[in-house]
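For the sequence shown, position 296 matches number 355 in this note's numbering, and the numbering has no gaps at all. Every residue gets a Cβ at the ideal spot worked out from N, C-alpha and C, and that includes glycine. Just below is one structure, and these are the notes that go with it.
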Amino acid sequence: MEPMSIVSLAGACLTLVVRTTRDLNDIAAKFHKMEQMVRLLVAQLNTITTTLAQLERWLNGQPDLGSDVSGALVGAIEACITVVNELAGFVARLKGGWLSSRLLWIWDEGQFAQYQRALDSQITALGLFLNVILLTPLHVANGAAIAALIQLGADTCARDETDQVPLHRLAADGLLAGVDAVLAAGSSPVDAQNKARQTPLHLACQNDHHDVAHALLRAGAYVNAADRDGLRPLHYLARHGRPPLVRLLRDANADVEAQALHLSRPLHDAARTGCPAVVEALLAASADTEATTDDGSTPLHLAVAATNDAAATVAALLAARANVAAETSKNEQPLHLALRRGSVAVAALLLQHGADANARLRDGTVPLIQACSSTAAAQNTLSTVEILLAHGADPSATNCPGASPLSAACSRPELASDLVRLLVANGASPRHQDFRALWRNGKLSIWEKRAAHAIMTEAAVPELRKSEVEWLMVAR
């Protein structure tokens, strides 16, 4: 045989050897991977064994379970039995088959992965009972029962889907005995944070649980802990609490000037939600009445817009000498905000404490123009205009676009004649723009237009005393 032929044959042999070696290495790697998968299955089964043993210990100490709990637990255990039975059948087929069938089954990575996922689901379901349902008594039972559950292995640091530990939920529900038992166990951090970075003290304050907050503070809870929006427990109290709890936090060195999102302080929050008693408690702790948020609002601005007890909250701040002339970044004073809301009582309070009845907004609008443009109830609008006029409001003031109280009154869909009569009686001088506004107003009835026209004509200068038809033509 020629040398080249032998070289060719040797090359073919070498190729075969290399390919076979590679395939054998692949098989070895495959078996190694399958061995790892089998070991993982064994570890998962061991986890289920441990979880079931802990559940069994707990169940032995329970005289009775609610129907919901027992039904859910039975369902979880039966599902686990089904999955493990399928795995047991798979193992039996492996052990009882011929070599070729064993290799075929072992080679099926997808089957192993499927069992791993199924076992993971069962571990999660059973773990839920151990770390959540098992801990449910920690939220409803008395202190002795909670202590017993903790001794049985209930995890006081277990977290739910919002990252809350049992101490969060106990504090939120105001269960002092449960809080004391968990704190006595010493394993749950008193300042544990949930996904919103709230501590148990935040939730106790949010729900006004004085005794629970006191217990947490005694255990070392940080009184100035900030949630993800920078809100401290005192902010929560300012929105939801009562004065005694405010004093408790103040005595624990809570920062009454702590700033949260938008530079909001506890006094801002108390004013915004209309909590006069809490406002007074914060003022007693020397809270600053002139502190501003990022838009320049003081507590008085926010109190004016409060949905609850606005007048009482405003009165509390005025008693502490809050500045009635403070302006936001939009040049709005508290009186402007009160008029926007149509609040007669609050507007009267502010005027009685020195609010300027002629204070101007950025576009020159004065309070009287605001009041005449208000969509508040008719009686409220008339009362507000009367109060403003009584406190020196200028009935002839105009803003930058040229509007006046009279033109604002003439542009309303109703009440125009009553407002015109009131303004003219207090010295308003009708202008060309006022007559045009009246006759361009398509929402006002013809009878009210005529009444308002007659009142303004009587007070107008001679050159403006035109007939209704003339003004109607000019207005077009």
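Leaving out five residues on either side along the sequence, give the residues of the same chain with a beta carbon under 6 Å from the beta carbon of residue i.
i, result
"Ala313", "Val282 and Leu293"
"Arg419", "Val425"
"Leu482", "Pro454, Pro464 and Leu465"
"His412", "Leu377 and Val383"
"Ser488", "Ser455"
"Val405", "Val363, Ala369, Ala370, Val373 and Ala397"
"Ala375", "Pro335, Val338 and Glu339"
"Ala385", "Thr357"
"Leu276", "Ala311"
"Gly423", "Asn458 and Cys459"
For the alpha helix (DSSP H) containing residue i, list its first residue and its last residue.
i, result
"Ala373", "The sequence given here places Val at residue 373; Ala does not occur at that position. Residues Ala369 to Ala378."
"Val337", "Pro335 to Ala343"
"Glu445", "Ala437 to Ala449"
"Ser476", "Ala475 to Ala484"
"Lys508", "Ile505 to Ala518"
"Ala404", "Val403 to Gln411"
"Ser388", "That residue, Ser388, is in no alpha helix (DSSP H); it is neither H nor E in DSSP."
"Ala365", "Here Ala365 belongs to no alpha helix (DSSP H), and DSSP marks it neither H nor E."
"Arg499", "His491 to Arg499"
"Arg400", "Pro393 to Arg400"
"Leu230", "The amino acid at residue 230 is misidentified as Leu; the sequence shows Ala. Ala230 -> alpha helix (DSSP H) spans Pro225 to Asp232."
"Cys216", "That residue, Cys216, is in no alpha helix (DSSP H); it is neither H nor E in DSSP."
"Ala468", "Pro464 to Cys469"
"Leu427", "Pro426 to Ser432"
Could you check whether residue j and residue i sit closer than 8 Å to each other, using their CB atoms as the reference points?
i, j, result
"Leu326", "Val271", "no"
"Ala135", "Ala184", "yes"
"Leu427", "Pro460", "no"
"Tyr295", "Gln265", "yes"
"Val241", "Ile205", "yes"
"Arg309", "Ala344", "yes"
"Asp368", "Pro335", "yes"
"Asp15", "Gly300", "With the chain covering 60 to 535 only, the question about residue 15 has no answer from this structure."
"Leu441", "Cys469", "no"
"Arg306", "Ala278", "no"
"Ala452", "Ala416", "yes"
"Glu316", "Asp347", "yes"
"Ala280", "Asp239", "no"
"Arg499", "Glu527", "no"
Starting from the C-beta of residue i, find all residues in its chain whose C-beta is less than 8 Å away, skip the five residues before and the five after it, and write them out in chain order.
i, result
"Ser159", "Because Ser159 sits at a pLDDT of 46, beneath the cut-off of 50, its placement in the model cannot be relied upon, and the following sentence gives the value as read from the coordinates. Once the five neighbours on either side are set aside, Ser159 has no close Cβ partner at all."
"Gln103", "Gln175, Leu178, Asp179 and Ile182"
"His198", "With a pLDDT of 49 at His198, under the threshold of 50, the modelled position of that residue is not reliable, and no figure is offered here."
"Gly333", "Ala362, Ala365, Thr366, Asn367, Asp368, Ala369, Ala371 and Thr372"
"Glu507", "Glu473, Ala475 and Ser476"
"Ala407", "Ile446"
"Asp443", "According to the sequence shown, residue 443 is Thr rather than Asp. Hits under 8 Å: Leu398, Gly401, Val403, Ala406, Ala430, Ser433 and Ala435."
"Ala518", "Val483, Ala487, Ser488 and Pro489"
"Glu349", "Thr357, Ala381, Asn382 and Ala385"
"Ala243", "Ala206"
Leaving aside the five residues before and after residue i along the sequence, list all residues of the same chain whose C-beta is less than 7 Å from its C-beta, in chain order.
i, result
"Asp353", "His321 and Leu322"
"Phe494", "Met515, Leu523 and Trp530"
"Leu544", "Outside the shown range of the chain (60 to 535) lies residue 544, about which nothing can therefore be said."
"Thr387", "Asp354, Gly355, Ser356 and His360"
"Leu246", "The question names Leu, but residue 246 is Ser in the sequence shown. So the qualifying residues of the chain are Thr215 and Cys216."
"Leu99", "Gln175"
Would the C-beta of residue i count as close to the ligand PLP, meaning under 7 Å from any of its heavy atoms?
i, result
"Thr215", "As presented, the structure is devoid of all ligands, the ligand PLP included, so that no description of it is given."
Can you find a CB in chain D that lies within less than 8 Å of the CB of residue i?
i, result
"Leu304", "This model lacks chain D altogether; it includes just one protein chain."
Scan the region 242 to 268 and note each continuous alpha helix (DSSP H) run of 4 residues or more that stays entirely inside, going in chain order.
Qualifying alpha helix (DSSP H) stretches, in chain order: 259 to 265.
Touching by the beta-carbon criterion (3+ pairs, under 8 Å), the region 251 to 259 and the region 220 to 231
With a cut-off of 8 Å on Cβ pairs, the region 251 to 259 is in contact with the region 220 to 231, counting three or more such pairs.
Would you say the region 346 to 360 touches the region 380 to 390, given that touching needs at least three Cβ pairs under 8 Å?
Inter-segment contact for the region 346 to 360 and the region 380 to 390 is present: three or more beta-carbon pairs are separated by less than 8 Å.
With contact counted as at least three CB pairs below 8 Å, one residue from each stretch, are the region 462 to 480 and the region 499 to 517 in contact?
Contact between the region 462 to 480 and the region 499 to 517 is present, because at least three Cβ pairs lie under 8 Å.
As an exercise, report each continuous alpha helix (DSSP H) stretch of at least 4 residues that is fully enclosed by the region 295 to 361, in chain order.
Runs found: 302 to 310, 325 to 332 and 335 to 343.
Three or more C-beta pairs closer than 8 Å, one from the region 489 to 503 and one from the region 434 to 453: is that the case here?
Counting Cβ pairs under 8 Å, fewer than three are found: no touch.
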